[in-house]
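Student: So for the sequence shown, my numbering puts the first residue at 93; every next one is plus one.
Using N, Cα and C, we set each Cβ at its ideal position, and we do this for glycine too.
Input: one structure, supplied below.
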Amino acid sequence: MKPRPTTDRAEPVLWIVDSEQWPRACLRAELIERGCNPYGFIQITDALEALSRRASPKPEALVLELRGQNLTEAMIESIRSLGVPIILVGGVPEINDPLIRNRAWDIVLKRPVSLGTIADAVEKIVSGDRFTEDPAERRPDLRRVRRG
């Protein structure tokens with residue numbers, strides 16, 4: 093197995109943490125197409141262990157799908173201590189968990205959310221920009237229609 097080529101600023105290193113294989117793989121593919129170097133992990137503990145073993149470089153941003161993570165206070169502090177922007181993706185129950193709700197996060201995306209919206213958020217973060225509006229405001233195809 094050949095070692096991964098070294099990365100430069102043109103290919104920002106990202107971590108994608110999602111307990112489900114296909115959403116993780118599809119998001120990795122989308123981000124590779126956009127010029128990123130994403131590493132995929134099933135659990136946040138896997139990502140932190142890879143960093144400690146130097147199997148993965150420190151990311152410039154982290155996408156954390158909350159589904160199936162069983163986060164603890166210590167895990168949250170570990171990922172926050174990385175000092176990188178964190179994009180959370182979750183449903184209402186995960187986002188409303190006090191461990192999540194009582195902290196400030198760079199971007200929180202509520203499911204259902206498209207891979208394109210997540211990739212757009214990553215691009216904003218790695219380019220130094222931050223979301224200042226709801227992604228649905230930028231993407232009319234994601235707006236919810238109010239029925240009277």
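#1: Given this structure, state the Cα-to-Cα distance separating Tyr131 from Val200, to the nearest angstrom.
#2: Compare the C-alpha of Val105 against each of Ala147, Asp189, Arg193 and name the closest.
#3: My guess is that Val218 and Glu152 are in contact by the Cβ rule of under 8 Å, so how many angstroms apart are they, rounded?
#4: What runs of the alpha helix (DSSP H), each 4 residues or longer, lie entirely inside the region 157-224?
#5: Please state whether the Cβ-Cβ distance between Val155 and Ile179 is less than 8 Å.
#6: Just tell me which of Ala213, Gly175, Gln113, Ala196 has its CA closest to the CA of Gln135.
#7: Per DSSP, what are the beta-bridge partners of Ala153 in this structure?
#8: Taking Glu103 and Ala211 to be in contact with their CB atoms under 8 Å, please state how far apart those CB atoms are, rounded to whole angstroms.
#9: Where Thr137 and Gln161 are concerned, what is the direct C-alpha to C-alpha distance, given to the nearest angstrom?
#10: Around the C-beta of Lys216, are 16 or more other C-beta atoms found within 10 angstroms, so that it is buried, or is it exposed?
Tutor: So, from the listed chains and residues:
#1: Put simply, the backbone Cα of Tyr131 is about 20 Å away from that of Val200.
#2: It is Ala147.
#3: Contact check for Val218 and Glu152: beta-carbon distance about 5 Å, within the 8 Å limit, so the pair qualifies.
#4: Here the runs fully enclosed are 165-172, 184-187, 190-193, 207-218.
#5: Cβ distance < 8 Å, so Val155 and Ile179 count as in contact.
#6: Ranked by Cα distance from Gln135, the first of Ala213, Gly175, Gln113, Ala196 is Gln113.
#7: For Ala153, which the question treats as bridged, DSSP gives the partners Leu106.
#8: Actually they do not touch by this definition, with Cβ atoms about 15 Å apart.
#9: Between the alpha carbons of Thr137 and Gln161 lies a distance of about 9 Å.
#10: Lys216 is buried by the Cβ-count criterion.
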